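The numbering used here puts the first residue of the sequence shown at 616, with every later residue one more than the last.
Even for Gly, the Cβ is constructed at its ideal location relative to N, Cα and C.
The structure displayed is predicted, hence computed values, not measured ones.
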Amino acid sequence: LREYDPDFEAMSLDEAALDITEYIHSNIDDLQTRIGNRKDLASSSGDFEARNHVKCEYADSTVLRCEEYGRIGAMIAEEIRQRIREKTSLTASAGVACTRTLAKICSDLNKPDGMYHLPTTRESVEKFMEELDVRKLPGVGKVMERVLNELGILKCSQIIGDGAPLVLEYFSQKTSSWLLRAATGVRDCRCARAGPSGRKGIGNERTFRATSDPKQLRQKCIELCQIVGKRMEKINTLGKCMTLKIKDSKFVV
Numbered sequence: 616l617r618e619y620d621p622d623f624e625a626m627s628l629d630e631a632a633l634d635i636t637e638y639i640h641s642n643i644d645d646l647q648t649r650i651g652n653r654k655d656l657a658s659s660s661g662d663f664e665a666r667n668h669v670k671c672e673y674a675d676s677t678v679l680r681c682e683e684y685g686r687i688g689a690m691i692a693e694e695i696r697q698r699i700r701e702k703t704s705l706t707a708s709a710g711v712a713c714t715r716t717l718a719k720i721c722s723d724l725n726k727p728d729g730m731y732h733l734p735t736t737r738e739s740v741e742k743f744m745e746e747l748d749v750r751k752l753p754g755v756g757k758v759m760e761r762v763l764n765e766l767g768i769l770k771c772s773q774i775i776g777d778g779a780p781l782v783l784e785y786f787s788q789k790t791s792s793w794l795l796r797a798a799t800g801v802r803d804c805r806c807a808r809a810g811p812s813g814r815k816g817i818g819n820e821r822t823f824r825a826t827s828d829p830k831q832l833r834q835k836c837i838e839l840c841q842i843v844g845k846r847m848e849k850i851n852t853l854g855k856c857m858t859l860k861i862k863d864s865k866f867v868v
């Protein structure tokens, strides 16, 4: 993955986010030649699937007319998936989009061995997000989904539409701002960079059923501290500052 993005972000043991903008800029001549030779990327998605033996879904037919960068991104994603298969004999799914949030959502649509490419046009993104369930948003778990559903918000379009006043009233300013941005797919535009000093911290958090029982809350804190401690031992590191974040039943931090 570092060949395509030296600063790629590992989201988990089996998931990573790459910003391939610089890679495309540095290799644009070669990539343009390769994309020109890939007639399958300029044909129907069915032909692409048949020739590459993958399950590949496109958001709509505009992929056949999208910007060249979008088609190059899809080609690179397919190349990475193929190299993973050859190196490890494992399948991989991929999402190609203009933001990390959208790419993450797209990567979940055709698991375990497929790709979803969302064209980089305003119309395509708006159409894609319009009917997307709120649960598909990265960061929205079962608890927040239930709260949103109880407010009558089932789709992302409702978060920024008729449901926006409810979101602003019920959630904290930080959470409501995050939800409004996430529902448009522009929560972030580039992968976060850790910088030269590397990883800034280690943490863990859990969402559980609301309780005011001091014993239960204390036990939860102990469990979280133990998890963080084991992670620090694993990478042989020490910490200087500890922060405790508490979120109430209305998601106010």
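Ordered list of alpha helix (DSSP H) runs contained in the stretch 824-853, each at least 4 residues: The qualifying runs are 829-849.
Cutoff 6 Å; reference C804; Cβ partners in own chain excluding five residues on either side: Because the pLDDT of C804 is 46, which lies under 50, any placement of that residue in the model is unreliable, and the number read from its coordinates should be weighed accordingly. Taken in chain order, the residues that qualify are T714.
Selected residue, minimal CA-CA separation from R617, among A632, W793, L628: Comparing Cα-Cα distances from R617 to each of A632, W793, L628, the minimum goes to A632.
9 Å Cβ cutoff met for M744 and S772: Yes.
Residue from K855, A692, C836 with nearest C-alpha to K862: Answer by Cα proximity: C836.
Interface flag, T790 vs chain C, CB-CB below 9 Å: In the structure shown, chain C does not exist; there is a single protein chain.
Assumed close pair T716, G800 - CB separation to whole angstroms, cut-off 8 Å: Between T716 and G800 a beta carbon distance of about 6 Å is seen, short of the 8 Å cut, so the two are scored as contacting.
Buried or exposed by the 16-neighbour rule on C-beta atoms within 10 Å, applied to N823: Correcting the residue identity first, residue 823 is Phe in this sequence and not Asn. The residue is exposed, with fewer than 16 neighbouring Cβ atoms inside 10 Å.
Cross-strand partners of S772 (DSSP beta bridge): Beta-bridge pairing links S772 to no other residue.
Inter-residue spacing [alpha-carbon to alpha-carbon] between I635 and A689: Whole-angstrom Cα-Cα distance: 11 Å.
Assumed close pair E746, K719 - CB separation to whole angstroms, cut-off 8 Å: Between the beta-carbon of E746 and that of K719 there is about 18 Å, and that puts the pair past the 8 Å contact cut.
Beta-carbon proximity check, T767 vs W793, cutoff 9 Å: Going by the sequence as given, residue 767 is Gly instead of Thr. Not closer than 9 Å, so no.
E765 versus K751 - alpha carbon distance: Near 17 Å, if we compare the C-alpha coordinates of K751 and E765.
Simplified DSSP assignment, three categories, for A685: Inspection of the sequence shows that residue 685 is occupied by Gly rather than by Ala. Correct three-state label for G685: helix.
Residues that A625 bridges to, as DSSP identifies them: A625 pairs with A631.
For E694 and Y785, the rounded distance between their alpha carbons: Taken atom to atom, the span from the alpha-carbon of Y785 to that of E694 is near 45 Å.
Three-state class that DSSP yields for E644 in the structure shown: With the sequence shown as reference, residue 644 is identified as Asp, and Glu is not the correct amino acid for it. Three-state DSSP puts D644 in a helix.
Contacting residues, own chain, Cβ-Cβ under 8 Å from M847 (five flanking each side not counted): Sequence-distant partners of M847 (beyond 5 residues in either direction) whose C-beta falls short of 8 Å from its own C-beta, in its chain, are I817, L853, G854.
Entirely enclosed alpha helix (DSSP H) segments - the stretch 679-738, minimum 4 residues: Runs of the alpha helix (DSSP H) inside the stretch 679-738: 683-703, 715-722.
Separation of S791 from F623, as counted between CA atoms: So the alpha carbons of these two residues sit roughly 28 Å apart.
The ligand ZN heavy atom lying under 8 Å from the CB of V867: Judged by which ligands are present, the structure shown has none, so any question about the ligand ZN falls away.
Rounded straight-line distance, which links the Cα of D728 to that of Q697: Whole-angstrom Cα-Cα distance: 10 Å.
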